[in-house]
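Colleague: Here the protein sequences line up with chains A and B, keeping their order. One point on numbering: in UniProt numbering, the residue at position 113 of the first sequence is 113, and numbering is uninterrupted. One point on numbering: in UniProt numbering, the residue at position 16 of the second sequence is 16, and numbering is uninterrupted. Virtual Cβ for every residue (Gly too), placed ideally from N, Cα, C. Below: one structure in structure tokens.
Number of protein chains: 2
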Amino acid sequence: MRYCLQCGHEAERKIPATDNIPRLVCPNCHYIHYENPKVICGSLVVHKNRVLLCRRAIEPQYGLWTLPAGFMENGETMAEGAARESYEEAEAVVINPHLYCLYDIPDIGQIYSIYLTELKDGAYGIGSESLDCALFTEEDIPWNNIAFEAVRRTLKSYFEDRQQFDSLDKFPIHQDYIGKDQSIKRY
Amino acid sequence: MRYCLQCGHEAERKIPATDNIPRLVCPNCHYIHYENPKVICGSLVVHKNRVLLCRRAIEPQYGLWTLPAGFMENGETMAEGAARESYEEAEAVVINPHLYCLYDIPDIGQIYSIYLTELKDGAYGIGSESLDCALFTEEDIPWNNIAFEAVRRTLKSYFEDRQQFDSLDKFPIHQDYIGKDQSIKRY
């Protein structure tokens, strides 16, 4: 059972008159509760030859490594969201953001937008949602302990593009689809 | 006053313990109601030398011209959303989608994603949310009667890029910010 946000009455799932998709609708005040995909904003933070990863202190995927990323908030741009998450999860101030990866994950109603950024002054810490944060070279990336497929693909693309392009602002935008089984197994 | 979706109790706006932004929180069942930006998916549908516009039969901006576009739904990709909207608003089957424009509109909590597509077999009609649909050459675009700034910018970019690139799949992705006064005046 679900209730109406507007009036508190019991709501029902039905297709509104002007629509073709079932929605949660209130039979009392007629308010329609739309549910739409959510946007994740994240940052691939680069410093010299290394990239910044955070070890998750929260579920899902507790203990695995990820990029600083989280749900976009109202009132911010995607780049601002990526910068905010970098600070919250790794106390990293990031500069020169460029949109880098954009993933559709329709099975869970999400879009991932990852910005390529640079770490200001090489400074970072450990945010409250992280067990640890560290800069990794390509050789040291913990590939068997990456939290999400979107993170793995972003890292793969980055190390490939780095062979081909001599500055971050020349990196192309990668757009891709991620299916249902998007997270790797935890070890 | 707002009510809890989960239990129907009166909800209150406060900052949850593990958060730093005010949310609608239920004091009874502790459910947190997150509100996040919404994604608009749209299509710049090209056929030969012309582009497809729809005259809006709904508010806001009733009577003005727009691209087929609307809120992205759960379970679809951005490109699928752009194709769905093209069919709903203009009975247009579109092929060869490429992400073309991506706009942050933080003041209204929206992201606009516009795909460059091609009209299959040149066929289209008039969807239920449109008063009219038509293919326009650059000279015939009704610039003084365009519904939204995102639509205007997309059209401007398209006619500029067309001078420079000889096929649609070479067009670059344009990313931009649109401020508060995003709609033009209605005539």
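Please classify B:Leu44: does DSSP put it in a helix, a strand, or coil?
Modeller: Strand.
Colleague: Output, in sequence order along the chain, the residues in the stretch 62-75 of chain B whose CB is closer than 8 Å to any CB in chain A.
Modeller: Residues passing the 8 Å Cβ filter: Phe71, Met72, Glu73, Asn74 and Gly75.
Colleague: Could you check whether the Cβ of B:Ile95 sits closer than 8 Å to any Cβ belonging to chain A?
Modeller: No, its Cβ sits nowhere closer than 8 Å to a Cβ of chain A.
Colleague: Can you tell which of A:Glu129, A:Leu52, A:Leu131 and A:Asn20 has its C-alpha closest to the C-alpha of A:Ala92?
Modeller: Closest option to A:Ala92, Cα to Cα, is A:Leu52.
Colleague: Work out the CA separation of A:Ala83 and B:Glu35 for me, nearest whole Å.
Modeller: C-alpha separation (whole angstroms): 20 Å.
Colleague: Does the distance from the C-beta atom of B:His9 to that of B:Pro22 stay below 8 Å?
Modeller: Going by C-beta atoms, B:His9 is not nearer than 8 Å to B:Pro22.
Colleague: Hey, would you say B:Ile146 sits closer than 8 Å to B:Leu64, going by beta carbons?
Modeller: Yes, the pair counts as a contact, with Cβ atoms nearer than the cut-off.
Colleague: For A:Asp19, count neighbouring Cβ atoms within 10 angstroms of its own Cβ and tell me buried if that reaches 16, exposed if not.
Modeller: The residue is exposed, with fewer than 16 neighbouring Cβ atoms inside 10 Å.
Colleague: Can you tell me where the beta strand (DSSP E) holding B:Arg56 begins and where it ends?
Modeller: Run containing B:Arg56: Arg50 to Arg56, per the beta strand (DSSP E) assignment.
Colleague: With a cut-off of 8 Å, does the C-beta of B:Tyr3 fall near any C-beta of chain A?
Modeller: Closer than 8 Å to some Cβ of chain A, the Cβ of B:Tyr3 qualifies, so yes.
Colleague: Taking the alpha-carbon of B:Cys4 as reference, which of B:Tyr31, B:Tyr115, B:Glu129 and B:Arg153 has the nearest alpha-carbon?
Modeller: Looking at the Cα atoms, B:Tyr31 is the closest of the given residues.
Colleague: Measure the beta-carbon distance from B:Gly122 to B:Glu89 and round it to whole angstroms, keeping in mind my assumption that it falls under 8 Å.
Modeller: Their Cβ separation, rounded to whole angstroms, is 17 Å, which puts B:Gly122 and B:Glu89 out of contact at 8 Å.
Colleague: Quick check on this structure: which residue in B:Ser167, B:Ser113, B:Leu168 and B:Ile58 has the alpha carbon closest to the alpha carbon of B:Arg153?
Modeller: Considering only alpha carbons, the answer is B:Ser113.
Colleague: Could you name the residues of the same chain whose beta carbon sits closer than 8 Å to that of B:Pro97, not counting the 5 residues immediately before and after it, in chain order?
Modeller: Ser43, Ala79, Ala82, Ala83, Tyr115, Leu116 and Thr117, listed in sequence order.
Colleague: Please check the pair A:Gly125 and A:Pro37, which I expect to be a contact at CB under 8 Å, by giving their CB distance rounded to whole angstroms.
Modeller: About 32 Å; that fails the 8 Å criterion.
Colleague: For B:Glu12, report the span of its beta strand (DSSP E) as first-last.
Modeller: Glu12 to Lys14 is the extent of the beta strand (DSSP E) around B:Glu12.
Colleague: Quick check on DSSP: helix, strand or coil for B:Ser86?
Modeller: B:Ser86: helix per DSSP, three-state reduction.
Colleague: When you compare only the Cα positions, how much space is there between A:Pro142 and B:Ser130?
Modeller: If I take the Cα positions, the gap works out to 52 Å.
Colleague: Could you check how far apart the C-beta atoms of A:Gly70 and A:Cys41 are, in whole angstroms? I think they sit under 8 Å.
Modeller: Contact holds; Cβ gap of about 7 Å.
Colleague: Starting from B:Asn28, find everything on chain A with Cβ-Cβ shorter than 9 Å and list it in chain order.
Modeller: None at all; the shortest Cβ gap to chain A is about 11 Å.
Colleague: Taking residue 189 of chain A as part of the beta strand (DSSP E), name the residues at either end of that continuous run.
Modeller: Outside the modelled stretch of chain A, which goes from 1 to 187, sits residue 189 of chain A, for which no answer is possible.
Colleague: Ignore the nearest five residues each way along the sequence and tell me which others in A:Asn49's own chain have a CB closer than 7 Å to its CB.
Modeller: Here the set comprises Thr137.
Colleague: Identify, in the order they occur along the chain, each residue of the same chain with its Cβ nearer than 7 Å to the Cβ of B:Val25, setting aside the five sequence neighbours on each side.
Modeller: So the qualifying residues of the chain are Ala11, Glu12, Lys14, Pro16 and Ile32.
Colleague: For A:Ser167 and A:Leu99, what's the separation of their Cα atoms in angstroms?
Modeller: C-alpha separation (whole angstroms): 14 Å.
Colleague: Could you have a look at A:Asp169 and say whether DSSP puts it in helix, strand or coil?
Modeller: In the structure shown, A:Asp169 sits in a helix (DSSP, three-state: H, G or I).
Colleague: Since A:Pro27 is in the beta strand (DSSP E), which residue starts that stretch and which ends it?
Modeller: Per DSSP, A:Pro27 belongs to no beta strand (DSSP E) and is neither H nor E.
Colleague: Between the Cα of A:Asp161 and those of A:Asp140, A:Cys101, A:Pro68 and A:Ala134, spot the shortest distance and give me the residue it belongs to.
Modeller: Nearest of A:Asp140, A:Cys101, A:Pro68 and A:Ala134 to A:Asp161, Cα basis: A:Cys101.
Colleague: Tell me whether B:Arg50, by its Cβ, gets closer than 7 Å to a heavy atom of the ligand GDP.
Modeller: Questions concerning the ligand GDP fall outside what the structure shown contains, since it holds no ligand whatsoever.
Colleague: So what's B:Lys156 in DSSP terms, helix, strand or just coil?
Modeller: Note: B:Lys156 maps to helix in three-state DSSP.
Colleague: Between B:Lys38 and chain A, is any beta-carbon pair separated by less than 8 Å?
Modeller: So, interface residue.
Colleague: With a threshold of 8 Å between beta carbons, is B:Pro60 in contact with chain A?
Modeller: Output row for B:Pro60: interface = no.
Colleague: I'd like to know if A:Asp104 contacts chain B, where contact means its C-beta is closer than 8 Å to some C-beta of that chain.
Modeller: Yes, A:Asp104 lies at the interface with chain B (some Cβ there is under 8 Å from its Cβ).
Colleague: Might you give, ordered along the chain, the residues of its own chain that have their beta carbon closer than 8 Å to the beta carbon of B:Ala57, omitting 5 neighbours on each side?
Modeller: Result list for B:Ala57: Ser128, Glu129, Ser130 and Leu131, in chain order.
Colleague: Exposed or buried, which one is B:Asp104 when buried takes at least 16 other CB atoms within 10 Å?
Modeller: When all chains shown are included, B:Asp104 counts as buried.
Colleague: Any Cβ of chain A within less than 8 Å of the Cβ of B:Ile111?
Modeller: Taking Cβ atoms only, chain A reaches closer than 8 Å to B:Ile111, which makes this a yes.
Colleague: What separation, rounded to the nearest whole angstrom, lies between the Cα atoms of residue 202 of chain B and A:Arg2?
Modeller: Outside the modelled stretch of chain B, which goes from 1 to 187, sits residue 202 of chain B, for which no answer is possible.
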